[in-house]
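*Asks:* Residue numbers (my numbering), protein chains in the order written: chain P, 1 to 264; chain W, 1001 to 1264; chain C, 2001 to 2264; chain U, 3001 to 3264.
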């Protein structure tokens, strides 16, 4: 029943300055609104639609930036890992390791992440039912680590389209772990632009608000000062200058939701 | 920006006494919560899963009960029509004619309903995209009637399952017409029990709250004092004695949503 | 284990001459290939995407043409019915009454059609699972009529898209009734052109061949001498001048399939 | 236009004797039927539903068995790889490296596999559209390797269900690469048994035949002498003693399909 946590940042790391600019601005916004803030960014985009899509700073330079942001801005941080051997280093540099949705059934990755002892945020695969996450969770728990977050980011719905089923949030909450709504990826149109993914940026606040009204633990939002120039996921990101008003509104819904818990 | 309207009632008419009991109780609940109330019931269930499913009182006796409820309880009423020739009589007896989802592309029915001049509530077909409703609306508008409501009740999602896409609500609102969330049918499991439809009653409040948080005009909820004995749709109905608390909570989310309109 | 039946014709009746031209040409093609032929056409398109879509000749003129085609060309005929009161007249004029997919759960229509004693071809709703058809069949059987055909025409798959599940064919065959593959509607893109439905004409032969290889009773194909000028369903129709080669090939697959029955 | 290739074997390697038994039997069956045969088995099941699911012999022991089977039985072999660093060793031991469906967008894995120069069989992700495979193919082609196969294994269709869209086969063939139908995984029910995946073994021959009738290059079938005791994927495997008749029938459909190519 803690107030909403906001996990936000650019899709991929661009530079230390850029990361600190966004983390700093988001920290101010969240503090003003009474939300806890976690900075999110990726050091590598390992599954771009196209081989020519930009992949980011790479693990070494990227994790260094993540450490600098954490130290300089004073916020907890999250990044995604794509292979078991990345987990230990990433867990040194950030607070939360994230398992990408496509990799949410890869046992070795889940176990390696769990073994670091870090908090593990598992994105539900686009091909999984909410109740399938009980088996996914058990893979991390097998390491003795029960610091787990579960994230909804949409289910495959025909071709090049996702749909976010609101039932998935209370359903995943039955595991006992905090549930996160990824408001920006759930409005992605995977592969929808041919050589890259499209998105429906305008619907991200819709997803965020509907989910927050159900009393979830956190919302995940990708943001950028100029989404149309972001190296990835621009079509579904929320512009940074709209985040203040959005978070503010979400916190009002969060307070009302936490005062009126839904019981399934 | 009016406060939320609640469209609620049993799935099918059972008797005058039963209808008045539910309408009376719901009227009290809605008045106490500051919601406008519309009584809903069906005189005929024309598309039961099984030929042996109960179909209701029939049009003549059913419409008579609808008139009596309106007069006795003093609430506007809604019923669904299944054929063009039923529209005129139904429009005499109730305030709102509803087009069932399966019939949402039947031109003659839409036109006949529109020609009555009554308010027309069109349920989006399980097989339609939200933007397809613009063509459906135009069929009613072709009669000169623009008193139209549009209802989300879920989209086909694999076999025996529906999913309610929250994006459909603001998308349909682009037509300029009020949007309704059918919180109970959207958690139906069509045909899921073999000879009848299953449902996930526990998720109906989830759907209602998520949708209301987006600032919709109305919520549609089927209710019964003993859902497990209701002649139809029992598995997804909300027990009548839980409606007070539910409506109360929804009105708080409605007030917050109306104060913070979403713009798409 | 009879040879494949081909149900084919234009989507909607245009004129007596046009109907007889197509019926005559198809009869020649089917006789040459060893297939039984049924002429199909609609006298009314009751659920066009848009209110301005052409609807056809109407029931009176349309049924008259259907009778003339049957007499002049000497082939059995099929047309679809949209309301219970149409069934008796339609059953006088044609051999097979077809229940449209959107209407496949409307009890009164199924019963009225069944009561005529005609053969009833029920198209599986885009919102139904194959096993749900057992309940649909029981509605017709309740009239004592067991001259039933079941047609696959695709399931909703996200927005504006259908997918035809090959499993549906043997699954529906478990009812004991002959199964038909609608090769042209299953490649429709419902509402996909905004004011009308799109289609993927090039994939219709793919659907037909895959289904025929499983040993089905009949294939349903809409055809036109100039699909791009057809008043409806042009995008998914097969040009008439390609039907000869297509039917010829399908008959070879049919013979092989009937010699190697699949048992589920 | 070569005759059909059959890629078949147990889901996971159990022992050298077991692998050789199946490879030997399948080789006989395929030779008798005129099909080319490729032995398939996995040394590791890296994405089991549950952490307690059996994973197989491991890479070292497993690749050794794969080499022994190839040498002893004299057939080409296929195995799947799950991480970039596995590719070089696997390419020494087998002829075809397979990219698992969940990993079909992981750029590093595709590139590492491509760089070995081996034939690469890419399974289409359950979350991808057929046309998305053009981008996947380009990742492998970026290494200069154009020895590529593309496999259909079903698309997500609601929860715990897959559907195989027959249009995907000619659509993927537009890339110019040979197309494979995975007849057993496409009838899988992912996660459908709670702690493991269910399946509909009886429909695997349906999928195989429908696909082969379209003139594909190869069919992929998992088989076991006692599927109910197989350590994984038992519910969708075909019993070994039914493979002779199945392959025999498929070859007849293949000959007919290759004589009547479909042009899209």
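Where is the CB? At the ideal position from N, CA and C, for every residue including glycine. All values reported here derive from a predicted model rather than from experimental measurement.
Please state whether DSSP places residue 2060 of chain C in a helix, a strand or coil.
*Replies:* To locate residue 2060 of chain C, count along the third chain from 1; it is residue 60. If DSSP states are grouped into helix, strand and coil, residue 2060 of chain C belongs with the helices.
*Asks:* Interface residues of chain C around residue 159 of chain P at Cβ under 7 angstroms?
*Replies:* Residue mapping note: residue 159 of chain P aligns to position 159 of the first chain, counting from 1. Residues of chain C passing the Cβ test: 2158 and 2161.
*Asks:* To the nearest angstrom, how far is it from the Cα of residue 200 of chain P to the Cα of residue 3049 of chain U?
*Replies:* Here residue 200 of chain P refers to the residue found at position 200 of the first chain. Here residue 3049 of chain U refers to the residue found at position 49 of the fourth chain. Approximately 32 angstroms, taken between the alpha carbons.
*Asks:* Looking at C-beta atoms only, is the number of pairs between the region 3245-3254 of chain U and the region 3212-3220 of chain U that lie closer than 8 angstroms three or more?
*Replies:* Because the criterion of three Cβ pairs below 8 angstroms is met, the region 3245-3254 of chain U and the region 3212-3220 of chain U touch.
*Asks:* Whole angstroms is fine: what's the gap from residue 2103 of chain C's alpha carbon to residue 2137 of chain C's?
*Replies:* The residue given as residue 2103 of chain C occupies position 103 in the third chain. The residue given as residue 2137 of chain C occupies position 137 in the third chain. For residue 2103 of chain C and residue 2137 of chain C, the distance between alpha carbons rounds to 13 angstroms.
*Asks:* Return yes when the Cβ of residue 3248 of chain U is within less than 7 angstroms of the Cβ of residue 3008 of chain U, no when it is not.
*Replies:* Within the fourth chain, numbered from 1, the residue matching residue 3008 of chain U stands at position 8. Within the fourth chain, numbered from 1, the residue matching residue 3248 of chain U stands at position 248. Not closer than 7 angstroms, so no.
*Asks:* Compute the distance between the beta-carbons of residue 1105 of chain W and residue 2047 of chain C, then report whether it is under 7 angstroms.
*Replies:* Start at 1 with the first residue of the second chain, and residue 1105 of chain W comes out as number 105. Start at 1 with the first residue of the third chain, and residue 2047 of chain C comes out as number 47. Cβ atoms of residue 1105 of chain W and residue 2047 of chain C: closer than 7 angstroms.
*Asks:* Since residue 11 of chain P and residue 222 of chain P are thought to touch, with beta carbons under 8 angstroms apart, how far apart are those beta carbons, to the nearest angstrom?
*Replies:* Along the first chain, one-based indexing puts residue 11 of chain P at 11. Along the first chain, one-based indexing puts residue 222 of chain P at 222. About 5 angstroms; that satisfies the 8 angstroms criterion.
*Asks:* Apply the 10 Å Cβ neighbour rule to residue 3100 of chain U and answer buried if 16 or more other Cβ atoms are within range, or exposed otherwise.
*Replies:* Within the fourth chain, numbered from 1, the residue matching residue 3100 of chain U stands at position 100. With 16 or more other Cβ atoms within 10 Å, it is buried.
*Asks:* Given a limit of 7 angstroms on CB to CB distance, which residues of the region 2028-2052 of chain C reach chain W?
*Replies:* Result list: 2046, 2047, 2048, 2049, 2050 and 2051.
*Asks:* By DSSP, does residue 158 of chain P sit in helix, in strand, or in coil?
*Replies:* Within the first chain, the letter at position 158 stands for residue 158 of chain P. Here residue 158 of chain P sits in coil by DSSP.
*Asks:* Taking the CB atoms as reference points, tell me whether residue 1002 of chain W and residue 1035 of chain W lie closer together than 7 angstroms.
*Replies:* Stepping through the second chain from its first residue, residue 1002 of chain W is reached at position 2. Stepping through the second chain from its first residue, residue 1035 of chain W is reached at position 35. For residue 1002 of chain W and residue 1035 of chain W, no; Cβs fall outside 7 angstroms.
*Asks:* Taking C-beta pairs closer than 7 angstroms, name the residues in chain W that residue 2139 of chain C reaches, listed in chain order.
*Replies:* In the third chain, residue 2139 of chain C corresponds to position 139, counting from 1. Correct list: 1051.
*Asks:* Below 7 angstroms between beta carbons: does that hold for residue 2172 of chain C and residue 2150 of chain C?
*Replies:* If you number the third chain from 1, residue 2172 of chain C lands on position 172. If you number the third chain from 1, residue 2150 of chain C lands on position 150. In this structure, residue 2150 of chain C lies closer than 7 angstroms to residue 2172 of chain C by Cβ.
*Asks:* Within 10 Å of its beta-carbon, does residue 2170 of chain C have 16 or more other beta-carbons around it, so buried, or fewer, so exposed?
*Replies:* Here residue 2170 of chain C refers to the residue found at position 170 of the third chain. Result: buried.
*Asks:* Would you grab the beta carbon distance between residue 207 of chain P and residue 187 of chain P for me? Rounded to a whole angstrom, and I think it's under 8 angstroms.
*Replies:* Position 207 of the first chain holds residue 207 of chain P. Position 187 of the first chain holds residue 187 of chain P. Contact holds; Cβ gap of about 6 angstroms.
*Asks:* Would you identify the three-state DSSP class for residue 3082 of chain U, choosing helix, strand or coil?
*Replies:* As a first step, residue 3082 of chain U is located in the fourth chain; it is residue number 82 there, counting from the start. Residue state, collapsed to three classes: coil.
*Asks:* Check whether the Cβ atoms of residue 3153 of chain U and residue 3123 of chain U sit closer than 7 angstroms, and answer yes or no.
*Replies:* The sequence position of residue 3153 of chain U within the fourth chain is 153, counting from 1. The sequence position of residue 3123 of chain U within the fourth chain is 123, counting from 1. Their beta carbons are under 7 angstroms apart, which means residue 3153 of chain U touches residue 3123 of chain U by this criterion.
*Asks:* Label residue 3198 of chain U either buried or exposed according to how many other C-beta atoms from any shown protein chain fall within 10 Å of its C-beta, with 16 as the threshold for buried.
*Replies:* On the fourth chain, position 198 is the one that residue 3198 of chain U refers to. Per the 10 Å Cβ criterion, buried.
*Asks:* Can the beta-carbon of residue 3078 of chain U be found less than 7 angstroms from the beta-carbon of residue 3098 of chain U?
*Replies:* Position 78 of the fourth chain holds residue 3078 of chain U. Position 98 of the fourth chain holds residue 3098 of chain U. In contact: residue 3078 of chain U and residue 3098 of chain U (Cβ atoms closer than 7 angstroms).
*Asks:* Are residue 237 of chain P and residue 224 of chain P touching if we call contact CB-CB under 7 angstroms?
*Replies:* By 1-based counting over the first chain, the position of residue 237 of chain P is 237. By 1-based counting over the first chain, the position of residue 224 of chain P is 224. The answer is yes: Cβ separation under 7 angstroms.
*Asks:* Who pairs with residue 3039 of chain U in a beta bridge, going by DSSP?
*Replies:* Looking up residue 3039 of chain U in the fourth chain gives position 39. Residue 3039 of chain U is bridged to U:3008 and U:3077.
*Asks:* In whole angstroms, what is the alpha-carbon distance linking residue 2177 of chain C and residue 2130 of chain C?
*Replies:* By one-based count along the third chain, residue 2177 of chain C stands at place 177. By one-based count along the third chain, residue 2130 of chain C stands at place 130. Cα-Cα distance, rounded: 13 angstroms.
*Asks:* Does the beta carbon of residue 1165 of chain W sit closer than 7 angstroms to a beta carbon anywhere in chain P?
*Replies:* Against the second chain, residue 1165 of chain W aligns to sequence position 165. Interface residue, yes.
*Asks:* Flag this pair as yes or no: are the beta carbons of residue 183 of chain P and residue 204 of chain P separated by less than 7 angstroms?
*Replies:* Taking the first chain and counting its residues from 1, one reaches residue 183 of chain P at position 183. Taking the first chain and counting its residues from 1, one reaches residue 204 of chain P at position 204. Taking 7 angstroms as the Cβ cut-off, residue 183 of chain P and residue 204 of chain P qualify as a contacting pair.
*Asks:* Measuring straight from C-alpha to C-alpha, what distance separates residue 3090 of chain U and residue 3081 of chain U?
*Replies:* In the fourth chain, the residue the question calls residue 3090 of chain U occupies position 90. In the fourth chain, the residue the question calls residue 3081 of chain U occupies position 81. Roughly 7 angstroms between the two C-alpha positions.
*Asks:* Between residue 3077 of chain U and chain C, is the shortest Cβ-Cβ distance under 7 angstroms, so that the two count as touching?
*Replies:* Counting from 1 along the fourth chain, the entry for residue 3077 of chain U is found at position 77. With 7 angstroms as the cut-off, residue 3077 of chain U does not count as an interface residue toward chain C.
*Asks:* Please determine, among P:142, P:93, P:64 and P:110, the residue with the shortest C-alpha to C-alpha distance to residue 14 of chain P.
*Replies:* Along the first chain, read from residue 1 onward, the residue named residue 14 of chain P stands at position 14. For the residues P:142, P:93, P:64 and P:110, the minimum Cα distance to residue 14 of chain P belongs to P:64.
*Asks:* Quick check: what's the CA-CA separation for residue 112 of chain P versus residue 85 of chain P?
*Replies:* Start at 1 with the first residue of the first chain, and residue 112 of chain P comes out as number 112. Start at 1 with the first residue of the first chain, and residue 85 of chain P comes out as number 85. Each residue's alpha carbon lies about 8 angstroms from the other.
*Asks:* Give the DSSP-derived three-state secondary structure of residue 1175 of chain W in the structure shown.
*Replies:* What you label residue 1175 of chain W is simply residue 175 of the second chain in a count that begins at 1. The answer is coil: DSSP assigns residue 1175 of chain W none of H, G, I, E or B.
*Asks:* Between residue 2188 of chain C and chain U, is the shortest Cβ-Cβ distance under 7 angstroms, so that the two count as touching?
*Replies:* Your numbering for residue 2188 of chain C matches position 188 in the third chain. Taking Cβ atoms only, chain U never reaches closer than 7 angstroms to residue 2188 of chain C, which makes this a no.
*Asks:* How far does the beta strand (DSSP E) with residue 2218 of chain C in it extend, from its first residue to its last?
*Replies:* Counting from one through the third chain, the residue named residue 2218 of chain C turns up at place 218. Here the beta strand (DSSP E) through residue 2218 of chain C covers 2218-2224.
*Asks:* Tell me whether residue 1071 of chain W is buried or exposed, calling it buried when 16 or more other Cβ atoms sit within 10 Å of its Cβ.
*Replies:* By one-based count along the second chain, residue 1071 of chain W stands at place 71. Result: exposed.
*Asks:* In three-state DSSP terms, what is residue 2128 of chain C?
*Replies:* Position 128 of the third chain holds residue 2128 of chain C. The answer is coil: DSSP assigns residue 2128 of chain C none of H, G, I, E or B.
*Asks:* For residue 3264 of chain U, which of U:3051, U:3168 and U:3190 has the nearest alpha-carbon?
*Replies:* Your numbering for residue 3264 of chain U matches position 264 in the fourth chain. If we check each option's Cα against that of residue 3264 of chain U, U:3168 comes out closest.
*Asks:* How would you list, in chain order, the residues of chain U whose beta-carbon sits under 7 angstroms from the beta-carbon of residue 132 of chain P?
*Replies:* For the purposes of this step, residue 132 of chain P is taken as the residue at position 132 of the first chain. Simply 3191.
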